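Undergrad:
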Amino acid sequence: ISTATAAQTNVSCNGGSNGSASVTPSGGAGGYTYSWAPSGGTAATATGLTAGTYTVTVTDANACTASRTFVITQPTAISTATAAQTNVSCNGGSNGSASVTPSGGAGGYTYSWTPSGGTAATATGLSAGTYTVTVTDANACTASRTFVITQPTAIVATAASQTNISCNGGSNGAASINIPTGGAGGYSYSWSPSGGTTATATGLSAGTYTVTVTDANGCTTTQGFTITQPTAISFTTTVLSGYDYNTGYSQSIVASGGTGDKTYAVTTGSLPSGFSLSTAGQITGISTQIADSNFTVTATDANNCTATFNYVLKLNQIPVTVTASPSQTKVYGESDPVLTYTVSASLLSGDSFTGALTRVSGENIGTYAINQGSLSAGSKYLITYVGTNLAITAKPITVTATASQTKVYGEIDPVIAYTVSPSLVSSDSFTGALTRVAGENTGTYGINQGSLSAGSNYMISYAGANFTITAKPITVTATTLQTKVYGIADPSFAYTLSPNLVGSDALTGTLSRTAGENIGNYAITQGSLSAGSNYNITYVSRDFTITAKPITVTANASQTKVYGTTNPVYSYTFSPSLVSGDSFTGTLTRTAGENIGNYAITQGNLSAGANYNITYVSRDFTITAKPITVTANASQTKVFGTTNPVYSYTVSPNLVSGDSFTGALTRTAGENVGTYTIAQGTLSAGGNYTITYNGSNFTITKADQVITWNQTLGFGCNGATSIVLTAVSNSGLAVNYASSNANIASVSNNSLFFQNYGSATVTASQTGNMNYNAAPAVILPIVSSQPNLIRKQFENIIFFDNSSNNFKSYSWYKNGVLVPGQTSQYFKENGALNGTYYAVATKLDGTLITSCPLTLSPTIVEEYMRIVPNPVRSNTNFQLMTNISASRIQNARVEIFNLTGNLLTTVNTSQSNIDMIAPIVEGIYIVKITLANGTYFTKNLLVRK
378 ISTATAAQTN VSCNGGSNGS ASVTPSGGAG GYTYSWAPSG GTAATATGLT
428 AGTYTVTVTD ANACTASRTF VITQPTAIST ATAAQTNVSC NGGSNGSASV
478 TPSGGAGGYT YSWTPSGGTA ATATGLSAGT YTVTVTDANA CTASRTFVIT
528 QPTAIVATAA SQTNISCNGG SNGAASINIP TGGAGGYSYS WSPSGGTTAT
578 ATGLSAGTYT VTVTDANGCT TTQGFTITQP TAISFTTTVL SGYDYNTGYS
628 QSIVASGGTG DKTYAVTTGS LPSGFSLSTA GQITGISTQI ADSNFTVTAT
678 DANNCTATFN YVLKLNQIPV TVTASPSQTK VYGESDPVLT YTVSASLLSG
728 DSFTGALTRV SGENIGTYAI NQGSLSAGSK YLITYVGTNL AITAKPITVT
778 ATASQTKVYG EIDPVIAYTV SPSLVSSDSF TGALTRVAGE NTGTYGINQG
828 SLSAGSNYMI SYAGANFTIT AKPITVTATT LQTKVYGIAD PSFAYTLSPN
878 LVGSDALTGT LSRTAGENIG NYAITQGSLS AGSNYNITYV SRDFTITAKP
928 ITVTANASQT KVYGTTNPVY SYTFSPSLVS GDSFTGTLTR TAGENIGNYA
978 ITQGNLSAGA NYNITYVSRD FTITAKPITV TANASQTKVF GTTNPVYSYT
1028 VSPNLVSGDS FTGALTRTAG ENVGTYTIAQ GTLSAGGNYT ITYNGSNFTI
1078 TKADQVITWN QTLGFGCNGA TSIVLTAVSN SGLAVNYASS NANIASVSNN
1128 SLFFQNYGSA TVTASQTGNM NYNAAPAVIL PIVSSQPNLI RKQFENIIFF
1178 DNSSNNFKSY SWYKNGVLVP GQTSQYFKEN GALNGTYYAV ATKLDGTLIT
1228 SCPLTLSPTI VEEYMRIVPN PVRSNTNFQL MTNISASRIQ NARVEIFNLT
1278 GNLLTTVNTS QSNIDMIAPI VEGIYIVKIT LANGTYFTKN LLVRK
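So the sequence shown is numbered by the working numbering: it starts at 378 and just counts up by one.
(1) Who are the near neighbours of S830 in its chain, counting only those whose CB is closer than 8 Å to its CB and skipping five residues on each side?
(2) For V912, tell me which candidate among K1191, V879 and K861 has the shortest Cα-Cα distance.
(3) Which residue comes first and which comes last in the beta strand (DSSP E) that contains I1156?
(4) Out of T854, A381 and Q903, which one is the CA nearest neighbour of G404?
(5) Straight-line CA distance for G1094 to P452?
(6) CB-CB under 7 Å to Q1199, same chain, minus the five flanking residues each way: which ones, in chain order?
(7) Who are the near neighbours of T1076 in its chain, counting only those whose CB is closer than 6 Å to its CB and skipping five residues on each side?
(8) Quick one: give me the first and last residue of the beta strand (DSSP E) that I1261 is part of.
(9) Under three-state DSSP, which class holds Y940?
(10) Taking DSSP as the reference, what is the three-state secondary structure of V465?
(11) Considering only C-alpha positions, which residue in the set I1068, G495, N1285 and F1171 is nearest to L1276?
(12) DSSP puts L1323 in a beta bridge; with which residues?
(13) Is the Cβ of I1226 closer than 9 Å to any Cβ of chain C?
(14) Taking only three categories from DSSP, how would you classify W568?
(15) Please report the distance separating the alpha-carbon of V1304 from that of S1180.
(16) Report the rounded CA-to-CA distance for L1318 versus Q462, giving the unit in angstroms.
(17) Ordered along the chain, which non-local residues of its own chain (more than five positions away) have a Cβ less than 7 Å from that of L791?
(18) Taking buried to mean at least 16 other C-beta atoms within 10 Å of its own C-beta, is E1206 buried or exposed?
(19) Within the same chain, show all residues whose beta-carbon is closer than 6 Å to that of A454, passing over the 5 residues directly before and after it, in chain order.
(20) Cβ atoms of S394 and Q385: under 9 Å apart, would you say?
(21) Decide if Q659 is buried, meaning its Cβ has at least 16 other Cβ atoms within 10 Å, or exposed.
(22) A531 by DSSP, collapsed to three states: which one?
(23) At the level of alpha carbons, what is the spacing between N1126 and V1271?
(24) How many angstroms separate the CA atom of K1316 from the CA atom of Q1256?
(25) Output the boundary residues of the beta strand (DSSP E) element that contains Y718.
(26) Skipping 5 residues on each side, what residues in its chain have a beta carbon closer than 6 Å to that of Q980?
(27) Give the secondary structure of I1237 by DSSP, where H, G and I count as helix, E and B as strand, and everything else as coil.
(28) For T924, which residues of its own chain have a beta-carbon under 8 Å away from its beta-carbon, when the five flanking residues on both sides are left out?
(29) Where does S543 sit, in a helix, a strand or coil, going by DSSP?
(30) Classify D728 as buried or exposed, calling it buried when 16 or more other Cβ atoms lie within 10 Å of its own Cβ.
(31) Could you tell me whether the region 1128-1135 touches the region 1054-1072, using the rule of 3 or more Cβ pairs below 8 Å?
(32) Using a 10 Å radius around the Cβ and a threshold of 16 neighbouring Cβ atoms, would you call A987 buried or exposed?
(33) Starting from S1186 and walking both ways along the beta strand (DSSP E), at which residues does that stretch end?
(34) Which whole-angstrom value is the C-beta distance of A443 and P415, which I expect to be below 8 Å?
(35) Any idea if L1308 is buried or exposed, counting beta-carbon neighbours within 10 angstroms, 16 or more meaning buried?
(36) Helix, strand or coil for L1110, going by three-state DSSP, please let me know.
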């Protein structure tokens, strides 16, 4: 039976159990069954394997067997031992960070921080708290580490004292804080908007102040103060009542604001004689002073803050009433009379009036107020004056219009003459003028007083007359050489006029002409032209001419076609436009030819008809090369070492039928792996085309390589200490080797060197170069077997030497196949030992050690024994039963040994069924029956409490 075809999947994560191994046997009698040891089941594939050595025994229909051993490996565990953290510098901040540098596992790490922190190896912007990072390798194996980000306590700054402003507008305020607590210590202070850099700020004016406390970490806290001030002292009493001559007087002065009660004092000037001011602000007294007093009062509050106010205390006067006499008048031009008045409330004895009444100035008729003027009784009196008016009346005169006044229509009116009686007052004169009834047409118009006035000082009596207007003669002459171009509207026929019409007068109607629209001369007639009934027109006629219309046709510039396309209709512009309803006939043409070049565009048979004179302006028509775009196809590649392909491309638009490309695309020189620009090379469509070339890249990709390596790697039992490694790559590049455990075997100079007993693997790899991909790694197992670990103890038992107490578990193999159920420190055969045996033992540190094999042959008869019950409770009966014949069992000896080989019990018997007492101590024991001829059998006994 062959087990050469096999496969295995190693454990993806350290400590995992997703390894698998499979075997596909051939040969033998078929009907294969499978047995995996130390575990794995009975199928061709064993799954759910942990790291370790597994042996499958394949048995065919003839009970022939073959075995194969697999070493399932696992990566090292992911370690997060290397880590760092930065705590939050300020309470409530978020500048903490934590980082982890993992090792082990399969590499290709990803990171996930919770409850926040992102997906990088370093989490930043962290606030205080507990954070856990989960590191996941390329095999989805995970490891985690927890960080506790701390923060200092918050800085606490409290107000210690505050001094407010004593006087409004002052700056004697102060504020201070207690020594701060919390934070990192090393406090500094900054007051805003002013106050200095100590714990106490002085010289403060009223306002809000904030002190910022900063610790050694730059963390801050603030404490605010509001420095207050009293309101400013202000006087609510601002006007004092006047005092009467030689009469008692009392007046209070009151100031508000400031602090507490105020005191008052006169600080400049003086009160009227006989008056005084109390400190409570009361003015009292009797005065005979005949004058006003000016003085300043100062108010002082409880904080000695002051304010002043300037007062005027006025003397009250004696009232009298002066009334101007009513109905005082004069006629315009006469002198003023003396203005009279009456007085009520007589003056004191000995007093009298001085001065006189006056009136508002003016000599024109009207009413003029009589004023007090300079009339006075002296400063002791308050005069109440009652005025009245002086009336000036108008002077009567007569104005007479002069008879027989005339003008010609259109002339300016003459000044209309008149006479006056009696004469005006010296230096007075008339303004305005006589007028007449409105109208400028011929006829008779009455002469009115109009605006003639001698002013409001005169009353005019007016005597009128009549004014006459006569008609005006004019000559109208049609202008010579008046014309129009065919198809346009008649112009307004021009004429000259002599003499001009009057003012805003205008001719109505128009000149006309003899009917007809053909080219020729037509007499211009007076038509409906009129200047109205105020004019006599003399008309002089002339001729009107209609001429042909000139137009210019210009072939449009820059008319082209692409080589191979149809000629367009040649376009043009013309100026001016044709008469409505007229149109062009025919088309422009060009000089014959289809080759690339310029061809003159000619008028051809283009015409607008006989009513137009065409001036034609030629242009050139150009045939241009056809533009095409050649685009190198993308994603063109070859594998390193292969022949270049023909570089493909697309073209748009297609060539003209019958045309084709010559030449080919090329690329940048080079045969190493890389990207090479595909160039236009010699590719051409001929002179009739303009090629726009869009390049692309040509890629030479890496070639694959394969490592071939078939080699058995074993140490320990044959004395060898090194093996030359023989893996080769089909690329010819050097193969690299790496041991999974250098403590078991190390690699140097392409050789494997024995270091210690145990199991490992060697990986052959080739990372490739610029032209080759990395080769798939080939992994072979290393078994470094340890000699002298197992020995034959009895004919059917092999003991494992654990005298070092370094081993904790065992797996036993017979003829290369794991024996199920054999996991003790010893191996027991159901019969004589017969075959090649070895053990795989697990050390306390988890290392697997393979013993060197023992090859043994049987020397005893195939007989057996069994124990009932098994397991058995300590110090209770059990029965030993055997198939040994009665003759052979005579004088047999039954012995019980512990696992260290010490003899505990001996019983002599000649019976095939023997009753015995189990040992007191719980454990595994070996029961041995030895016949008289020296043949013996053994059986395990399991004793429980």
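Positions of the beta carbon are idealized from the N, C-alpha and C atoms, including for glycine.
A quick note: this is a predicted structure, and the numbers were derived from the prediction, not measured.
TA: On the basis of the supplied data:
(1) Taking the first residue of the sequence shown as 1, we reach residue 830 at position 453. Once the five neighbours on either side are set aside, the close Cβ partners of S830 are F807, T808, G809 and I837.
(2) Counting from one through the sequence shown, the residue named residue 912 turns up at place 535. The residue you asked about is not Val; residue 912 is Tyr in the sequence shown. Closest by alpha carbon: V879.
(3) Taking the first residue of the sequence shown as 1, we reach residue 1156 at position 779. Segment V1155 to S1161, the beta strand (DSSP E) holding I1156.
(4) What you label residue 404 is simply residue 27 of the sequence shown in a count that begins at 1. Here the closest residue by C-alpha is A381.
(5) Translated into positions along the sequence shown, residue 1094 becomes position 717. Translated into positions along the sequence shown, residue 452 becomes position 75. Looking at the sequence shown, residue 1094 is not Gly but Cys. Those two C-alpha atoms are separated by around 28 Å.
(6) Numbered from its first residue, the sequence shown carries residue 1199 at position 822. Result list for Q1199: W1189, in chain order.
(7) Residue mapping note: residue 1076 aligns to position 699 of the sequence shown, counting from 1. Excluding sequence neighbours, T1076 sits near T1014 and T1052.
(8) Here residue 1261 is taken as the residue at index 884 of the sequence shown, counted from 1. Taken as a continuous stretch (DSSP letters only), I1261 belongs to no beta strand (DSSP E), as it is neither H nor E.
(9) Taking the sequence shown and counting its residues from 1, the one referred to as residue 940 is at position 563. Coil at Y940, not helix or strand.
(10) Locating residue 465 in the sequence shown gives position 88, counting from the first residue. In this structure, V465 counts as coil in the three-state DSSP scheme.
(11) Mapped onto the sequence shown, residue 1276 falls at position 899. Taking only the C-alpha atoms, the option nearest L1276 is F1171.
(12) Here the chain covers residues 378 to 1322 and nothing more, so residue 1323 does not appear.
(13) Any reference to chain C falls outside this structure, which holds one protein chain only.
(14) Counted from its first residue, the sequence shown places residue 568 at position 191. Reduced to three states, the DSSP call for W568 is strand.
(15) In the sequence shown, counting from the first residue as 1, residue 1304 sits at position 927. In the sequence shown, counting from the first residue as 1, residue 1180 sits at position 803. Answer to the nearest angstrom: the Cα atoms are 22 Å apart.
(16) As a working note, residue 1318 is residue 941 in the sequence shown. As a working note, residue 462 is residue 85 in the sequence shown. So the alpha carbons of these two residues sit roughly 58 Å apart.
(17) On the sequence shown, position 414 is the one that residue 791 refers to. One point to set straight first is that residue 791 is Pro, not Leu, in the sequence displayed. Only Q782 and K784 meet the Cβ criterion.
(18) Walking along the sequence shown from the start, residue 1206 turns up at place 829. When all chains shown are included, E1206 counts as buried.
(19) For the purposes of this step, residue 454 is identified with residue 77 of the sequence shown, where counting begins at 1. The residues are N391 and G481.
(20) Numbered from its first residue, the sequence shown carries residue 385 at position 8. Numbered from its first residue, the sequence shown carries residue 394 at position 17. No.
(21) Translated into the one-based positions of the sequence shown, residue 659 becomes position 282. Q659 should be labelled exposed.
(22) By one-based count along the sequence shown, residue 531 stands at place 154. A531 falls in the coil class under three-state DSSP.
(23) In the sequence shown, residue 1126 corresponds to position 749, counting from 1. In the sequence shown, residue 1271 corresponds to position 894, counting from 1. Those two C-alpha atoms are separated by around 59 Å.
(24) Start at 1 with the first residue of the sequence shown, and residue 1316 comes out as number 939. Start at 1 with the first residue of the sequence shown, and residue 1256 comes out as number 879. Their backbone Cα atoms lie some 12 Å apart in a straight line.
(25) To locate residue 718, count along the sequence shown from 1; it is residue 341. Segment Y718 to S721, the beta strand (DSSP E) holding Y718.
(26) Mapped onto the sequence shown, residue 980 falls at position 603. So the qualifying residues of the chain are Y993.
(27) The residue given as residue 1237 occupies position 860 in the sequence shown. A caution first: I1237 carries a pLDDT of 47, below 50, which makes its placement in the model too unreliable to give a value.
(28) Indexing the sequence shown from 1 puts residue 924 at position 547. Taken in chain order, the residues that qualify are T860, K861, V862, Y863 and I896.
(29) One-based indexing of the sequence shown puts residue 543 at position 166. Coil at S543, not helix or strand.
(30) Mapped onto the sequence shown, residue 728 falls at position 351. Counting Cβ neighbours within 10 Å, D728 comes out exposed, since fewer than 16 surround it.
(31) no
(32) Here residue 987 refers to the residue found at position 610 of the sequence shown. Exposed, by the Cβ-count rule.
(33) As a first step, residue 1186 is located in the sequence shown; it is residue number 809 there, counting from the start. Looking at the DSSP string, the run of the beta strand (DSSP E) that includes S1186 is F1184 to K1191.
(34) On the sequence shown, residue 443 is found 66 positions in, with the first residue counted as 1. On the sequence shown, residue 415 is found 38 positions in, with the first residue counted as 1. Wrong, their Cβ atoms sit about 19 Å apart, outside the cutoff.
(35) Position 931 of the sequence shown, counted from the first residue, corresponds to residue 1308. Under this definition L1308 is a buried residue.
(36) On the sequence shown, residue 1110 is found 733 positions in, with the first residue counted as 1. Coil at L1110, not helix or strand.
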